[in-house]
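Student:
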Amino acid sequence: EIVLEAIKLRKTYSNGELKVEALKNIDLTIYKGEMLAIMGASGSGKSTLLNLIGALDAPSDGTIKIKNRIISNYHKEPYATQYRSEYIGFIFQDYNLLKDLTVEENLALPLILMNKDSKTIKEEVGKYIDLVGLGGKEKVRPYKLSGGQQQRVAIARALITNPPLLLADEPTGNLDYQTSEEILNIIKDLQEALDQSIVIVTHDPQVATFADRVLFIHNGKIVNEYVKKAKAGDI
Ligand code: ADP
Ligand code: ADP
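Be aware that the sequence shown starts at 4, since it is given in UniProt numbering, and climbs by one per residue.
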């Protein structure tokens with residue numbers, strides 16, 4: 004089952020006279036339940052690709068389909084926000100938690116924005132706090148938590164709306180080796196428990212050891228693919 008398909012994606016940035024071809028003709032398929040790592044040096048186009056998939060920016064050319072719906076024009080409001088809340092969970096290097104809210108309030112927020120009733124919110128928040136192993140931390144604010152614990156909150160918040168696709172931009176970028184290992188294990192367990200599709204953009208080789216498939220990007224092109232575990236079914 005295909006979750007997302009990108010066809011002949013191009014992205015050119017113009018700074019006055021200067022044009023930067025950040026992505027050149029990228030074809031990409033993401034399958035249900037797979038963890039895909041996208042690796043490449045700084046400036047190779049990783050963030051640009053993630054931004055296009057997440058409708059944070061518009062492609063210059065090409066098509067993006069998620070669950071067979073064409074979304075490459077959804078970078079404009081209100082479609083972008085709607086698309087993101089329905090299809091995409093995001094996690095970042097710096098967690099992006101709301102620091103004046105407790106752990107449970109951070110988790111409740113996306114559900115409140117979706118107009119879920121308070122009983123559902125309470126149940127889902129409890130379930131996701133357990134899934135990331137943060138029982139007992141419900142009333143704590145993020146600054147009292149370690150980096151690894153904050154990233155757990157961010158993971159739970161990203162997945163609580165049950166998005167078909169989780170996008171992670173350098174999720175281990177601020178964590179030491181041991182904590183990265185712990186976070187990657189949690190992401191892996193959630194991938195399996197929820198049959199979650201995950202795309203991780205990273206230059207951290209440790210991440211690649213957890214991925215089912217690794218794509219290498221160089222100068223805006225996919226130059227290599229390493230498949231550990233195929234999720235493409237019979238294809
Ligand atoms: P990576 O995430 O792999 O470091 P990026 O996608 O951030 O790579 O960048 C790819 C190329 O596009 C780089 O040459 C970068 O400088 C350029 N770039 C990225 N965003 C912009 C922008 N908004 N305006 C101009 N150039 C950009
Ligand atoms: P990363 O470390 O994940 O590669 P960057 O620091 O390169 O991220 O970029 C962060 C954000 O800034 C991205 O949304 C990217 O598109 C934008 N950006 C990157 N390079 C430029 C640039 N030269 N001009 C304007 N925006 C840029």
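The C-beta atom is built at its ideal place from N, Cα and C for all residues, glycine as well. Keep in mind it's a predicted model, so treat the numbers as computed, not measured.
List, from N- to C-terminal side, the alpha helix (DSSP H) runs of 4 residues or more that fit wholly inside the region 85-169.
Tutor: You should have 106-116, 121-134 and 150-162.
Student: Within the continuous alpha helix (DSSP H) that includes residue 49, where are the two ends?
Tutor: Run containing residue 49: 49-56, per the alpha helix (DSSP H) assignment.
Student: Cβ of residue 171 within 8 Å of Cβ of residue 94?
Tutor: Yes.
Student: With residue 182 as the anchor, note down where its alpha helix (DSSP H) starts and where it stops.
Tutor: 180-197 is the extent of the alpha helix (DSSP H) around residue 182.
Student: Between 165, 82, 78 and 27, which lies nearest to residue 92 when the distance is taken from Cα to Cα?
Tutor: The option with the nearest alpha carbon to residue 92 is 165.
Student: With distances taken from CA atoms, which of 6, 14 and 30 is nearest residue 225?
Tutor: If we check each option's Cα against that of residue 225, 30 comes out closest.
Student: Would you give the residue range spanned by the beta strand (DSSP E) that residue 25 belongs to?
Tutor: 21-34 is the span of the beta strand (DSSP E), which, as asked, contains residue 25.
Student: Mind the definition here: the region 173-192 touches the region 10-27 only if three or more C-beta pairs lie below 8 Å; say whether that holds.
Tutor: No, they do not touch.
Student: Taking just the CA atoms, how far does residue 20 sit from residue 159?
Tutor: Spanning the two alpha carbons is a distance of roughly 44 Å.
Student: Excluding the five sequence neighbours on either side, which residues of its own chain have a C-beta within less than 6 Å of the C-beta of residue 213, listed in chain order?
Tutor: These residues qualify, in order along the chain: 187 and 191.
Student: Identify the continuous beta strand (DSSP E) that holds residue 40 and give its terminal residues.
Tutor: 38-42 is the span of the beta strand (DSSP E), which, as asked, contains residue 40.
Student: Going by DSSP, what residue range makes up the beta strand (DSSP E) through residue 214?
Tutor: Element bounds for residue 214: n/a, residue is neither H nor E.
Student: Under a three-way DSSP split, which group does residue 233 fall into?
Tutor: Coil at residue 233, not helix or strand.
Student: Quick one: is residue 115 buried, meaning 16 or more other Cβ sit within 10 Å of its Cβ, or exposed?
Tutor: Label assigned to residue 115: exposed.
Student: When you compare the CB positions of residue 131 and residue 162, do they come within less than 8 Å of one another, or not?
Tutor: Yes, the Cβ-Cβ distance between residue 131 and residue 162 is below 8 Å.
Student: Grouping DSSP H, G and I as helix and E and B as strand, with all else coil, what is residue 238?
Tutor: Confidence in residue 238 is poor, its pLDDT being 46 and thus under 50, which makes the residue's placement unreliable; the coordinate value appears in the next sentence. Coil.
Student: Have a look at 198, 157 and 35 and flag the residue whose alpha-carbon is nearest the alpha-carbon of residue 109.
Tutor: Ranking 198, 157 and 35 by Cα distance to residue 109 puts 157 first.
Student: Can you pull every residue whose C-beta falls closer than 6 Å to some heavy atom of ligand 1, listed in chain order?
Tutor: Taken from the N-terminal end onward, the list reads 16, 18, 23, 25, 43, 45, 46, 47, 48, 49, 50 and 51.
Student: Helix, strand or coil for residue 171? Go by DSSP, reduced to three states.
Tutor: Residue 171: strand per DSSP, three-state reduction.
Student: Do three or more CB pairs link the region 193-206 to the region 29-46 at distances below 8 Å?
Tutor: Segments in contact, yes.
Student: Between residue 35 and residue 17, what straight-line distance do the alpha-carbon atoms span, to the nearest angstrom?
Tutor: Their backbone Cα atoms lie some 35 Å apart in a straight line.
Student: What does a CB cutoff of less than 7 Å around residue 32 pick up in its chain, not counting 5 residues either side in sequence?
Tutor: So the qualifying residues of the chain are 5 and 8.
Student: Please determine, among 189, 222, 194 and 184, the residue with the shortest C-alpha to C-alpha distance to residue 209.
Tutor: Minimum Cα distance to residue 209 is reached at 184.
Student: Within 10 angstroms of its Cβ, does residue 238 collect 16 or more other Cβ (buried), or is it exposed?
Tutor: At residue 238 the pLDDT is 46, less than 50, meaning the model places this residue with poor confidence and gives no usable figure here.
Student: For a test of the three-state rule: what should DSSP assign to residue 9, helix, strand or coil?
Tutor: Strand, per DSSP.
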